[in-house]
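S.K.: The structure that follows is given in the form of structure tokens.
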Amino acid sequence: MSSNPRDSNPAHRPPPGRADASPADRHQLGDRRESPAGFEIRELMIAYAGAEGLTPVVGGVSLRARSGQITGLAGESGSGKTTAALSALAYLPPGASRLGGEALLNGRSILDLERVALRRLWASEISYVAQDAGTALNPARRIGSQLDEILRVNRGLARAAARRRAVELLEAVRLPDAAGARRRYPHELSGGQLQRIAIAMALATEPRVIIFDEPTTGLDVTTSAEVIAMLGGLIRERGLAAIYISHDLALLAAISDQLVVFYAGEVVESGPTSDVLRAPRHPYTRALLDALPSARRALRPRGIPGLPPGRVVVERCSFTPRCPHAEARCREEHPALGAIQPGRFVRCVRAGELGPLPSEAAPILQPSRDRPRVPVLEVADLVCEYGQGAGRVVAVDGVSLEVRERQVVGLVGESGSGKSTIGRAITGLLVPRAGTLRWRGEVLPAGGRRTPAQHREIQIIFQNPDSSLNPRHTVAQLIGRAVVLFREDVPRSAQADLIAEALREVQLDPALMSRYPHQLSGGQKQRVAMARAFVARPRLVICDEIISGQDVSVQATILELVRTMQREHETALLFISHDLAVVRAIAQYVYVLQGGRVQEHAATERLFEAPAAGYTRRLLAAVLEPAGAAQDHGARPSGGGR
Amino acid sequence: MPRWPSIAVGGMPGRVGLLLVVVALVVTVTGPFVAPFRHTALVGPILQGPSVTHALGTDQLGRDVLSRVLYGGRSVLLLPACAVALAFGLGGILGLVAGYRGGRLDQLVSRGADILMSIPPLLLVMVLVIPLGTSDVVLIATTGIWFAPRIVRIVRAATASVCTKDYVLAARVRGESTASILWHEVTPNITGTLLAELALRLNYAIIFITTLNFLGLGVQPPSSDWGLMVSEGRAFLGHRPLISIVPALMIGALAIGVNLLSDQIAVYLARNVQQSSRL
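One line per chain: the protein sequences are A and B, in this order.
My numbering numbers the first residue of the first sequence as 18 and each following residue consecutively.
My numbering numbers the first residue of the second sequence as 2 and each following residue consecutively.
Below you can see the structure in the form of structure tokens.
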């Protein structure tokens, strides 16, 4: 049998405009009166109504979440994965409408139910866990009262029974001191604890389907690993059909049984998670894997050029503009989702001839031994505190570190480790309690004062460009301010050219100059922030979590870009991150921080290959990585079992 | 750059607001030139109904009501505008600095504002107007002082929330001066709040000053003023209602117009920033 389904089945060409109503999808449903346990989406089509008419964002998606399993939905933001999952629960985002398709819960169609029946269904059989549990909980009410309410209203339990059940649920999500947590308010609990409570609330109604929308994004590596291990156990134990939405393939590799990769509102590849990740057949899946940085191997992540179209593309293969394997026929027809083996589907006309796609991630080159470098920044015994009196918090407790000329130094630690505080103390935003900062041999005044030259030489790029770019300034104004302040060498008449040049350097079109930040994508905004930092011709750029919050594909491109800029400008970088893999991909020397102290510091290779401190080893062990990313290393972190 | 005309054209309320404000402005500015008589001239028998010579009739002293309406907008429009400008000048600067600097200065400014706010406005008027008289300057100063602490509070809160944003930190790392940070980074981001507050205060000021005029603590007879006219004409409301109703309508039109227009501007400014891409 040919591996290209269209060749074997020419009679079933998809009708125009319904590109996904292919026979393959029906195969994938696979059931044909098989046991209907679980949640199933059939040829769901969703469109947004906008100024220019209907924009299709989900195009004929079919997938199945079996009971007792976790089905992972992967894809960049804008790939339609969340819209598809929410719409399948009849929970359409504002402005969206369903053009076709259905969703079945244990064989029963739910999308055409009356409002009242639907509410009953939401209250009992379907649950949803959002990304940010902190905002899902009412800050003015105790955890116990919020949890009891669900049990009493939805399960009809009496007060005492509800209380008992609530404690059981909190124990089930392995919240330490479950009874005590009932009396707490949300602000008294940590992010990881809140996320566990959100999961307990989702379980309270004893649902059959539960949808997780990136529930561990924003949690620390170790916390996230614990929550995920707990989740996997709960779902299998209780026989829930779980859909887990994430852009993080490493996470999905660890937790999901089935993996569905979304691109431009369609399924481009699906199958058992281990198969898909070990032998990806769609170039997009491969690209997503290659974009992942690795903490275990010295591989350079590869970015995916371009942006996803943000809508369903029917006239050609939607991935063509970004695909390294695209040919003429990819631009002429829209491929159908075809079976390559039972339970394994790919939407690519070349899937048959290309076979499993090998990794294209290149190893990180060891820096050649070059001239000895002079330290530009020396931090000695730095102590920083927040607050006063009893509420005093020591954020940095005696940290010493050194950044040499043209060196990339990684500063890695979990939240609360004091890593960002160090960056702030160096820039003068924060007055340290004790310790000395030396900049090119000169002591930086403790009061935070800096000379104009120092302001120019030490630049900082913040994590979130939505916050670091003034929304009322255009791109030209944003970069122009740095030009006016720091580039006296450039005459007024040449300033516009310099701004254009700075934009080109970060691979942005100078035509974007007149745009406001809200008119740019997340990755573009961060590039503007980079251009603003580098246009000053700094000697040290502090990168404070500059790629977290971005899509994996964007992360890799920004990482590549910052590295290139660093080399070309011959600046030093202090790269602050919570992500070990990212630090390994970029840094030459790494400091590991915990609780405001340096636990270990060493050259990158040594630190990752032979970690000395117990804390570093624990952090490394908690890092999730897909096993299929390369040929070696078969071990997967716990929680993935099949 | 904002396209100004599109702000008002954006919606019906904005258009109506613009129209009302323009009408009130035109009446006030051109009124004295087109008025058939001087506003203080005794031109006919008292309390006449509308006629060809006196379109709105005459008042209790035989003055032409239309002429008095045309002359009477000056203090209603000019005094509140000056008072609000004074309040925003004082309160805005104090609020910006307090919100940005925080700490001791913030405590001092905020508590000072609290103390001023605890004084009832009419008490303030009595304290200032009774010894100093009812000149325009006193009226403006009184209203300005009454409003300033409220502006301080609002600007301080808006500034403090903007100052948590990284772009303010980024400006500090660039070594920008405080004045430059407040002007370039903070002010553009609190404009929406400021405009909404400006309109509200303008409204209150119009009503407050007309109230003072009505109570006889403001503009004095024989000057013509809409608030004063409402007050003087109220005795004849049953017999010659136009004497007080027409100036009352003018006050209402101005107040409603300012409100509608400012709402529209605030919506426009908010939309300009918050347009987020879908998906």
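For every residue, glycine included, the Cβ atom is placed at its ideal position computed from N, Cα and C.
Quick caveat: nothing in here was measured; it's all calculated off a predicted structure.
(1) Is the region 31-43 of chain B in contact with the region 64-83 of chain B, if contact means three or more CB pairs nearer than 8 Å?
(2) Which residue spans inside the region 32-101 of chain B form an unbroken alpha helix (DSSP H) run of at least 4?
(3) Whole angstroms is fine: what's the gap from Pro-242 (chain B)'s alpha carbon to Arg-235 (chain B)'s?
(4) Since Asn-190 (chain B) meets chain A, which of its residues come closer than 9 Å, beta carbon to beta carbon?
(5) Closer than 8 Å, CB to CB, is Leu-170 (chain B) near chain A or not?
(6) Using the Cα positions of Gly-93 (chain B) and Arg-151 (chain B), report the straight-line distance between them to the nearest angstrom.
(7) Check the Cβ of Ser-484 (chain A) against every Cβ in chain B and list those closer than 8 Å, keeping chain order.
(8) For Arg-173 (chain B), would you say it is in contact with chain A, using Cβ-to-Cβ distances shorter than 8 Å as the test?
(9) Taking all protein chains shown into account, decide if Gly-133 (chain A) is buried (16 or more other Cβ within 10 angstroms of its Cβ) or exposed.
(10) Note down the Cα distance separating Glu-142 (chain A) from Gly-249 (chain A), rounded to an integer number of angstroms.
(11) Alpha helix (DSSP H) containing Ile-167 (chain A): first to last residue?
(12) On the three-state DSSP scale, how would you describe His-535 (chain A)?
(13) Between Pro-326 (chain A) and Ser-335 (chain A), which are expected to be in contact by the criterion C-beta below 8 Å, what is the C-beta distance as a whole number of angstroms?
(14) So is Gly-93 (chain B) in contact with chain A if we call contact Cβ pairs under 8 Å?
(15) Indicate whether Ala-548 (chain A) and Ala-519 (chain A) have their beta-carbon atoms separated by less than 8 Å.
(16) Identify which residue in A:Arg-635, A:Arg-361, A:Gly-360, A:Arg-614 has its Cα closest to the Cα of Val-411 (chain A).
(17) Give every residue of the same chain whose Cβ lies closer than 7 Å to the Cβ of Gly-404 (chain A), excluding the five residues on either side of it in the sequence, and list them in chain order.
(18) At least one CB of chain A closer than 8 Å to the CB of Gly-176 (chain B): is that the case?
(19) Within 8 Å (strictly less), CB to CB, does Glu-186 (chain B) reach chain A?
(20) Contact between the region 201-208 of chain B and the region 84-99 of chain B is defined here as three or more beta-carbon pairs at a separation below 8 Å; is this criterion met?
(21) To which residues does DSSP link Cys-560 (chain A) through a beta bridge?
(22) Alpha carbon to alpha carbon, what distance is there between Val-163 (chain B) and Asn-260 (chain B)?
(23) Does the beta carbon of Pro-555 (chain A) come closer than 8 Å to any beta carbon on chain B?
(24) Sort out for me which residues DSSP pairs Leu-428 (chain A) with in a bridge.
(25) Could you pull the start and end residues of the alpha helix (DSSP H) that Gly-369 (chain A) belongs to?
(26) Can a CB atom of chain B be found closer than 8 Å to the CB of Arg-191 (chain A)?
(27) Between Ile-272 (chain A) and Gly-55 (chain A), which are expected to be in contact by the criterion C-beta below 8 Å, what is the C-beta distance as a whole number of angstroms?
(28) If we ignore side chains and look at the alpha-carbon of each, how far apart do Arg-137 (chain A) and Glu-185 (chain A) end up?
(29) Which complete alpha helix (DSSP H) runs does the region 330-356 of chain A hold, if anything under 4 residues is left out?
(30) Could you give the distance in angstroms between the alpha-carbon of Val-247 (chain B) and the alpha-carbon of Val-139 (chain B)?
(31) If you scan the region 182-259 of chain A from start to end, which runs of the beta strand (DSSP E) of 3 or more residues do you find wholly inside it?
(32) If you draw a straight line from the C-alpha of Leu-461 (chain A) to the C-alpha of Thr-453 (chain A), how long is it?
(33) Who are the Cβ neighbours of Ala-102 (chain A) in its own chain at under 7 Å, not counting the five residues just before and after it?
(34) What's the gap between the Cα of Ala-254 (chain B) and the Cα of Ile-244 (chain B)?
(35) At what residues does the beta strand (DSSP E) containing Ala-620 (chain A) begin and finish?
(36) Of all the options B:Gly-145, B:Ala-256, B:His-40, B:Leu-79, which has the alpha carbon lying nearest to the alpha carbon of Ser-68 (chain B)?
M.R.: Looking at the atomic coordinates:
(1) yes
(2) 66-72
(3) 8 Å
(4) Asn-487, Pro-488, Arg-489
(5) yes
(6) 10 Å
(7) Lys-166, Asp-167, Tyr-168
(8) yes
(9) According to the sequence shown, residue 133 (chain A) is Val rather than Gly. Exposed is the call here.
(10) 19 Å
(11) 160-172
(12) helix
(13) 6 Å
(14) no
(15) yes
(16) A:Arg-614
(17) Val-410
(18) yes
(19) yes
(20) yes
(21) A:Ile-478, A:Phe-592
(22) 25 Å
(23) no
(24) A:Ile-593, A:Tyr-608
(25) 368-371
(26) no
(27) Actually they are not in contact, since the Cβ atoms of Ile-272 (chain A) and Gly-55 (chain A) sit about 17 Å apart, beyond 8 Å.
(28) 24 Å
(29) 345-349
(30) 27 Å
(31) 226-230
(32) 7 Å
(33) Leu-90, Ile-228, Ile-260, Ile-262
(34) 17 Å
(35) 614-620
(36) B:His-40
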